[in-house]
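Residue numbers for the sequence shown follow the working numbering, so the first one is 8 and each next one is one higher.
We put the CB at the ideal spot given by N, CA and C, even for glycine.
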Amino acid sequence: QKVEKPVPRVAVVVFLLNGKSVLLGRRRSSFGDSMFALPGGHLEFGESFEECGAREMKEETGLDISKIEFLTVTNNVWPEEPRPSHYVTIFLRAILADPNQLPQNLEPHKCYGWDWYDWDNLPKPLFSPLEKMAQSGFNPFPTDHNI
Ligand code: 8DG
Ligand code: MG
Ligand code: MG
């Protein structure tokens, strides 16, 4: 049996901001199972980061987003589990296009459900790329220059 040599892949994930909260879902996967993670997925050929973020959000939650902005990028290597993985992860932020829209769990085989979590009281365990960012003091919310 041929074993493909692993290669780095590009992931795009979105901090969907709603008041002081962000949208998180518990992963249902052999990789990071039960961990709270952002909506997102793999960058497809020819896509912009913003197109990918909006598409993954729609596929996974049914939500339409607006004001999509690039925040940062991190390099994430999992040497072992369940197979070697390496993601260059693009973090975006966005807001709901319609503030009355509710998230739906459109890929229940991949996620146990979406909910809003206060940034100051994030659930545990967080998926490691997100955990690393939270630990580093990163904050996805815009700075309020009026304070
Ligand atoms: P796709 O087929 O829809 O493109 O992929 P997916 O099934 O939605 O993939 P995913 O696991 O949700 O996202 C792809 C990879 O992105 C994931 O395996 C690892 C990386 N990733 C991070 N941080 C996060 C995160 O917070 N949420 C998600 N969903 N993926 C993340 O590095
Ligand atoms: Mg997806
Ligand atoms: Mg996904």
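Smallest Cα separation from F145: which of L78, D105 and Q111?
On the sequence shown, position 138 is the one that residue 145 refers to. Considering only L78, D105 and Q111, the residue with the shortest C-alpha distance to F145 is L78.
Measure the CB-CB distance between W123 and L45 and report whether it falls below 8 Å.
For the purposes of this step, residue 123 is identified with residue 116 of the sequence shown, where counting begins at 1. For the purposes of this step, residue 45 is identified with residue 38 of the sequence shown, where counting begins at 1. Not closer than 8 Å, so no.
Is the beta carbon of L50 sitting closer than 8 Å to the one on P147?
As a working mapping, residue 50 is identified with position 43 in the sequence shown. As a working mapping, residue 147 is identified with position 140 in the sequence shown. Contact annotation: L50 and P147 have beta-carbon atoms that are not nearer than 8 Å.
Roughly how many whole angstroms lie between the Cα atoms of E88 and E76?
The residue labelled residue 88 in the question sits at position 81 within the sequence shown. The residue labelled residue 76 in the question sits at position 69 within the sequence shown. Between E88 and E76, the C-alpha separation is close to 31 Å.
Assuming contact is defined by CB atoms lying nearer than 8 Å, are W121 and S28 in contact in what I supplied?
Position 114 of the sequence shown, counted from the start, is the residue given in the question as residue 121. Position 21 of the sequence shown, counted from the start, is the residue given in the question as residue 28. Remark: C-beta atoms of W121 and S28 do not approach each other more closely than 8 Å.
Cβ pair I102, V17 closer than 8 Å
Counting from one through the sequence shown, the residue named residue 102 turns up at place 95. Counting from one through the sequence shown, the residue named residue 17 turns up at place 10. No, these two residues do not count as a Cβ contact at 8 Å.
Quick one: measure Cβ to Cβ for L133 and M42, integer angstroms, because I've assumed they're closer than 8 Å.
Along the sequence shown, one-based indexing puts residue 133 at 126. Along the sequence shown, one-based indexing puts residue 42 at 35. Yes, they are in contact, since the Cβ atoms of L133 and M42 sit about 6 Å apart, within 8 Å.
Cutting at 8 Å between CB atoms, please list the residues of its own chain near R40, excluding the five before and the five after it.
Sequence index remark: in the sequence shown, residue 40 carries index 33 (1-based). Here residue 40 is Asp; the residue named in the question, Arg, does not match the sequence. Excluding residues within five positions, the ones whose Cβ falls inside 8 Å are R34.
Beta-carbon within less than 6 Å of G69's beta-carbon, same chain only, minus the 5 sequence neighbours each way: which residues are those?
Your numbering for residue 69 matches position 62 in the sequence shown. Within the same chain, Cβ atoms closer than 6 Å to the Cβ of G69 are found at Q111 and L113, the five residues on either side in sequence being excluded.
Answer yes or no: the CB of P147 versus the heavy atoms of ligand 1, is any distance below 7 Å?
To locate residue 147, count along the sequence shown from 1; it is residue 140. Result no, Cβ not under 7 Å from ligand 1.
Three-state secondary structure assigned by DSSP to A101:
For this step, residue 101 is matched to residue 94 along the sequence shown. If DSSP states are grouped into helix, strand and coil, A101 belongs with the strands.
Looking at the unbroken beta strand (DSSP E) that takes in F77, where does it start and where does it end?
By one-based count along the sequence shown, residue 77 stands at place 70. Where F77 is concerned, the enclosing beta strand (DSSP E) stretches over I72 to W85.
Selection from L137, T150, S73 and S143 that minimises the alpha carbon distance to Y94:
Walking along the sequence shown from the start, residue 94 turns up at place 87. Per the Cα distances, L137.
Are there 16 or more other CB atoms within 10 angstroms of the CB of G53, so buried, or fewer, so exposed?
As a position in the sequence shown, residue 53 is number 46, starting the count at 1. Classified as exposed, G53 has fewer than 16 neighbouring CB atoms from the shown chains inside 10 Å of its CB.
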